[in-house]
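Scroll down for the structure; my scribbles are underneath it.
Numbering (my numbering), first residue to last: 109 to 253.
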């Protein structure tokens, strides 16, 4: 992905790109993001600056472009390693499901026995109170992308 910024004026302005936090991400008029990764998602601005002399004073003039918003959909970003845990009554067990990307990841755990939702977090904690707690648990991750 290449974003190019053009600016004119006298004297000719220096042009660079910044992110939404004001950090410089390119020292030229070309912002090149290749390959695009999820971490590149964000808002970018082209900044043009020139310095003029008025009397004995040097004044820097700065212009910001409209924002360029980059949205990146994650690919293959959910990790859920199958776990088999043999427990006994009174035992507490945890299952983990992790996901990168997004935006706004939501986790839903269900039991295959009865398809009942049991949690909405990346970690499922099961307090084993009876044999009925024995089941396959499934983690579903959804996001806004």
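Every residue, glycine too, gets a C-beta built ideally from N, C-alpha and C.
Mind checking who residue i pairs with in its DSSP beta bridge?
i           : result
residue 215 : 249
residue 113 : Partner(s): none; residue 113 has no beta bridge.
residue 157 : 122 and 170
Does residue i pass the burial test, meaning 16 or more other C-beta atoms within 10 Å, or should it be called exposed?
i           : result
residue 169 : exposed
residue 139 : buried
residue 234 : buried
residue 134 : buried
residue 118 : exposed
residue 213 : buried
residue 248 : exposed
What does a CB cutoff of less than 7 Å around residue i pick up in its chain, not counting 5 residues either side in sequence?
i           : result
residue 241 : 234
Starting from the C-beta of residue i, find all residues in its chain whose C-beta is less than 6 Å away, skip the five residues before and the five after it, and write them out in chain order.
i           : result
residue 160 : 167
Using a Cβ-Cβ cut-off of 8 Å (strictly less than) and excluding sequence neighbours within five positions of residue i, which residues of its own chain qualify?
i           : result
residue 245 : 203, 217, 218, 219, 220, 226, 232 and 234
With contact counted as at least three CB pairs below 8 Å, one residue from each stretch, are the stretch 113-128 and the stretch 155-169 in contact?
Contact holds: three or more Cβ-Cβ distances are below 8 Å.
Assess contact between the stretch 165-180 and the stretch 193-201, defined as three or more Cβ pairs (one per stretch) separated by less than 8 Å. Is contact present?
Output reads no: the stretch 193-201 does not touch the stretch 165-180.
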